[in-house]
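Have a look at the structure below, then the notes.
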Amino acid sequence: MFSIADRYWAGHLNCPPDELFSRPLNVVTHGEELKGYSGALGLFRDGAATVSIPPDRADELRGLLAGLEDGCTPEQFAAALAPVAALVLGPAYLGYTTDIRGDDSMARALADDDAAAVEGLREACGEEEWDHGGSSLDVPCSGVFRDGQLVALAGYETWGGTIAHVYIVTHPGFRGRGFGRSAVAHIVRRALADELLAQYRTLDANTPSIRIAEALGFQRYATSMAVRLAAAP
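Note that my numbering has the sequence shown beginning at 4, numbered continuously upward.
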């Protein structure tokens with residue numbers, strides 16, 4: 004299972020798969036997939052890390068990261084880049100599964116005629132929450148309804164032709180009842196039927212979300228951390 008993730012992330016970070024977690028800190032420069040991204044993206048697992056940085060600021064960032072070659076945690080990575088950081092995103096849990104657990108009987112696949120229900124849920128959740136977990140009907144979506152109202156929505160985007168990156172959002176008035184979990188189980192089973200590896204990402208600080216992921220069968224693959232850079236002086 005993790006070999007698929009290794010190949011995806013090695014390509015995304017622009018390093019050979021066998022070097023992805025080969026040493027305490029492997030610093031590479033952005034390739035095609037991160038071209039134009041003004042930030043540093045790191046992936047951390049079992050005491051090893053690979054960090055991808057913009058080529059036009061490579062010397063500056065390598066200098067800031069110097070001294071972490073013998074060990075670099077996500078927190079140390081963010082602290083080292085703090086002088087040039089505009090925004091820190093993470094640390095985040097990154098998990099995968101090929102065998103989903105959990106009851107999905109409350110959920111069903113959504114179609115174009117569910118657009119009004121999706122819009123209603125979007126309005127209930129608010130812009131920031133929707134940006135983080137919402138999905139449009141342009142991608143595969145599954146939802147849970149109560150009394151005709153959409154109360155949980157899960158969808159996925161396909162990354163690299165192999166990974167289904169799962170999004171989930173639940174109506175603020177219907178949380179804690181298993182609706183989100185059922186929607187995730189349903190959409191993941193659809194992704195697995197399409198021969199995709201299901202991916203779940205959430206902030207490490209969101210312990211309840213991680214518990215849901217692991218109860219459904221996701222296993223932690225790595226921890227991610229992104230640092231968006233302030234403009235160079």
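Where a beta carbon is used, it is the ideal one built from N, C-alpha and C, also for glycine.
Please read these numbers as outputs of a predicted model, since none were measured by experiment.
- Note that the region 84-99 touches the region 220-227; at least 3 beta-carbon pairs, one per stretch, sit closer than 8 angstroms.
- Taking C-beta atoms as the reference points, V87 and R65 fail to come closer than 9 angstroms.
- For P94, the uninterrupted beta strand (DSSP E) run begins and ends at A88 to T100, by DSSP.
- Within a 10 Å sphere around the beta-carbon of D107 sit 16 or more other beta-carbons, which makes this residue buried.
- A straight-line Cα-Cα distance of about 11 angstroms links R231 and G93.
- Beta-bridge pairing by DSSP links E160 to H168.
- One Cα belongs to R180, the other to D115, and the distance between them is close to 26 angstroms.
- F5 counts as exposed, since fewer than 16 other C-beta atoms from the protein chains shown sit within 10 angstroms of its C-beta.
- A distance of 9 angstroms or more separates the beta carbons of A118 and H189.
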